[in-house]
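Residue 695 in this note's numbering sits at position 713 of the sequence shown; the count goes up by one each step and never skips.
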Amino acid sequence: MQSFRLSLRFILPLALVVGLFAYAVMPVVNDMTQRWFVRDLDARSQMLASALQQPLLEYVPQQDQARINQLFDRSVQDGRLFALAFCDASGRLLYRSASYPAALGCRQGTTGNASGDTHQSLVKLPQGKVHVTESPLMQGTELLGNLMLVHDMSYIERRTAETQEYLITLFALLAVVISLITVFIAHLSWRGWINAVKSMLRRDVRSQRSMSAPPEVQPLVGDLRALLHDIRLERQGEGVSAINWNPEKLRSLLHDELAGDQVLVVSNREPYIHTRTPEGIEVRRPASGLVTAVEPVMRACSGTWIAHGAGSADRETVDANDHVGVPPKKPAYTLRRVWLNKEEEQGYYYGFANEGLWPLCHIAHVRPVFRTSDWEQYVAVNQRFADAVVKEAQTDDPVVLVQDYHFALLPRMVREKLPRATIIMFWHIPWPNPESFGICPWREEILEGLLGNTLLGFHTPFHCKNFLETVDRYLEARIEYEASTISYGGELTEVEPYPISIAWPDAYPLSIPECRQAVRRDLNLPDNHLLALGVDRLDYTKGIIERFQAMERLLELHPSLIGRVSLLQIAAPSRSSLDEYQNLEARVRGLALRINKRFSSGSYEPIILKIEHYESEDVNRLYRGTDVCLVTSLHDGMNLVAKEFIAARDDERGVLVLSQFTGAARELHEALIINPYHIEQGAEALYRALTMPEGEQRERMRSMRTLVRDFNVYRWAGRMLIDAARLRRRERVTARIRTQSRKALRRVV
């Protein structure tokens, strides 16, 4: 039955095409056939007229009616010639055969055929259609009259109908033959394709055997493998997303899946910084998307976070083991601080990590700088953090969560000391294509370090694909693209996308109207003043310059908004000792000053620039008190500001303008997506956001809030930990099998 239905899919369209072709061709064939027969009658009429010319020249002048009638009667015995008649020059019918229709009369007349030309025409009579030829009878230059030859065309219609029947039969037979041939070939091809696909589906994803397939299937093999991999990821995601993710669920997962195994987090930036001030020691959370994402996870896991202690009072607040409980008011996990001197920090952090790897991985038109001295410090600091991980590990198989590009070498270093550890690394920034990454002089060492991970995560599948292709380009490794795994040095690393998110917030202390009023009061703005917001680190990848230019273009295109709208830009200072960042700050300040001089009037400023640190409570108040949030990154891994803004808008109002070059743009489709390099597009998007009706705002914000709430940071961590638990079970089963095999081998020996 299935085969019959598949056959019909070929036959029915083919039959329809053949039928339409026959329908279109038949009138053309009929017309062509009729013209052929008419031309034949014309030729016969001229021949017959020529044959009758000589007798009529003899009989007509003598008015010999008997001989003329006898001549006409003998001539019409031809089955095709229907009748004959002779009309004089004045148009009177003088002689005719008995079959000549009286209604036909004389067609032309003397004046109409005085030139002596022969005329043919088709005439429709009650008896049927006839072909009439008028041939002039000339005696010298004198016109005696016209000979009328009438041919019966009924035989032509019969032959045309027969031809039409033959053609229909031919087309029907042709359709049947073509259908049978098509179905036969289609079944052979279909069988080959199905066998090839079945062979690939049955194939062990870990093996390296090439799949046999017809040549026409080979171009589709890669696409089909990628599709199968996407389906596998989607099925995994469906099971994970069905869970209501929260801190309690994450703790339960750690207990159920990882049996309470120790969790260690490694990052350069610490979640809490102790700073010495005239009023005493203050605790501050740094402006960092990494801290925003990972800190809620650590509160749920109650593990140990290993980070660089950079605060001026950090050493004063730790114990003898460099530990301090955080958060300060209600400790939920342990912060272990690692100390670096100025030279180490300059080479490892400012040098190799942020002058080398950061611009290398971001397409933001800043050239990476690589120095051997920076690389040496990077290796040394990675080793120091790896030693701290080993020291903090209470078992030989902890779960180690490594964060970001500062520690590309650490996974391999930890693996050498703790081979049974489950090492999970999340790369928070984009991963470039192989050609771009090839700029790095120590590309092989970095890739080898990253392949010390059990699980390596990126924000998007595109970044995963770039990493797999980079390894394929520069290392001798076995790569399974459909399984997204890399086998190197006898160890397996799984590479997966884990879109990072935020913790869904609790209730806010101030309502939306109170936040709007407070924000405008602090900025000395009217209550009805429109306010757009940008919250970023002062970094050249964030598109702050392009954002200011879009604001300027907005005021040029819509001068009615001058004095009614401002852009509040929060730019937290970052890496201020680097030349690129110093130049960026100067450019940002200069551009803001120029635009403000151009459009300011009285106390009004179109751009309100705040280059300073803001606490999370203050930033949340700004999210809730402004009308539009601008995220115009030139290249970004995810960008959590976009998700924080959405989470803060419990009134389902406000508009998010989002760069297409952020990972968040792949999830938050209801935002106004722009190309930040296109200044006019950014200006028009900002205008649309400022003038968007409330109903549209609610529809867009409601959809995005649902996604951010369900796909929160606990789900992000939970997915990684579930995959880690799966890999740990696999490794433990493999280890038991190896142990039993060795014991069996000893007994045999």
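All residues carry an ideal CB built from backbone N, CA and C; glycine is no exception. These figures come from a predicted structure and were not determined experimentally.
Query                                                                                                            : Result
Local conformation of serine 548 per DSSP, three classes                                                         : strand
The beta strand (DSSP E) enclosing isoleucine 526, as first and last residue numbers                             : No beta strand (DSSP E) contains isoleucine 526, which is instead part of the alpha helix (DSSP H) from 526 to 539.
Extent of the continuous alpha helix (DSSP H) to which cysteine 69 belongs                                       : From DSSP, cysteine 69 is part of no alpha helix (DSSP H) but of the beta strand (DSSP E) over 63 to 70.
When Ala25, His617, Val371 are compared against glutamate 398, the one with the closest alpha-carbon             : Val371
Sequence-distant residues of its chain with Cβ nearer than 7 Å to serine 136 (five each side left out)           : Gly110
Which of helix, strand or coil DSSP assigns to threonine 614                                                     : coil
Whole alpha helix (DSSP H) elements within the segment 444 to 518, 4-residue minimum                             : 494 to 504
Residue nearest to glycine 645 in terms of C-alpha spacing, selected from Ile411, Thr721, Asp378, Gln499         : Ile411
For proline 310, the three-state DSSP class (helix, strand or coil)                                              : coil
Cβ pair count under 8 Å reaching 3, the segment 682 to 700 against the segment 479 to 486                        : yes
Pair within 8 Å by beta-carbon distance, valine 661 and arginine 535                                             : Going by the sequence as given, residue 661 is isoleucine instead of valine. It is a contact, given that the beta carbons lie within the stated cut-off.
Residues bridged to aspartate 134 [DSSP beta-bridge criterion]                                                   : Val112
Cβ pair tryptophan 227, proline 253 closer than 8 Å                                                              : no
Distance between alanine 31 and alanine 67 (C-alpha atoms, nearest Å)                                            : 11 Å
Contacting residues, own chain, Cβ-Cβ under 6 Å from glycine 619 (five flanking each side not counted)           : His410, Ile411, Pro412, His441, Gly645
Which residues DSSP lists as bridging glutamate 124, in chain order                                              : Gln121
As assigned by DSSP and simplified to three states, the class of isoleucine 405                                  : strand
Contact check, histidine 133 vs valine 105, beta carbons under 8 Å                                               : no
Whole-number beta carbon distance between leucine 550 and leucine 736, since they are thought to touch under 8 Å : The requested residue 736 is not part of the displayed model; the chain covers only -17 to 731.
Cβ neighbour criterion (16 or more within 10 Å) applied to tyrosine 148                                          : exposed
Burial state of asparagine 565, where buried means 16 or more other Cβ atoms lie within 10 Å                     : exposed
Pair within 8 Å by beta-carbon distance, valine 279 and leucine 246                                              : no
Buried or exposed by the 16-neighbour rule on C-beta atoms within 10 Å, applied to tryptophan 340                : buried
Extent of the continuous alpha helix (DSSP H) to which tryptophan 321 belongs                                    : It is not in any alpha helix (DSSP H) - tryptophan 321 carries neither H nor E in the DSSP assignment.
Backbone secondary structure at tyrosine 77 - three-state DSSP                                                   : strand
C-beta contact flag for alanine 671 and leucine 539 at 8 Å                                                       : no
Whether valine 453 touches leucine 429 by CB criterion (8 Å)                                                     : yes
Buried or exposed (CB count within 10 angstroms, at least 16 for buried), histidine 651                          : exposed
Three-state secondary structure (DSSP) of glutamate 252                                                          : coil
Rounded C-alpha distance that separates serine 559 from glutamine 328                                            : 9 Å
Assumed close pair isoleucine 263, alanine 289 - CB separation to whole angstroms, cut-off 8 Å                   : Between alanine 289 and isoleucine 263 the Cβ distance is about 18 Å, and since that is not below 8 Å, they are no contact.
Enclosing alpha helix (DSSP H) for tryptophan 227 [first to last residue]                                        : Counting along the chain, tryptophan 227 falls outside any alpha helix (DSSP H), and DSSP gives it neither H nor E.
Alpha-carbon to alpha-carbon, alanine 717 and arginine 724                                                       : 11 Å
Simplified DSSP state of histidine 410, which is helix, strand or coil                                           : coil
Nearest to leucine 34 (by Cα), restricted to the options Gln16, Asp600, Val58, Val363                            : Val58
Arginine 710 versus methionine 407 - alpha carbon distance                                                       : 15 Å
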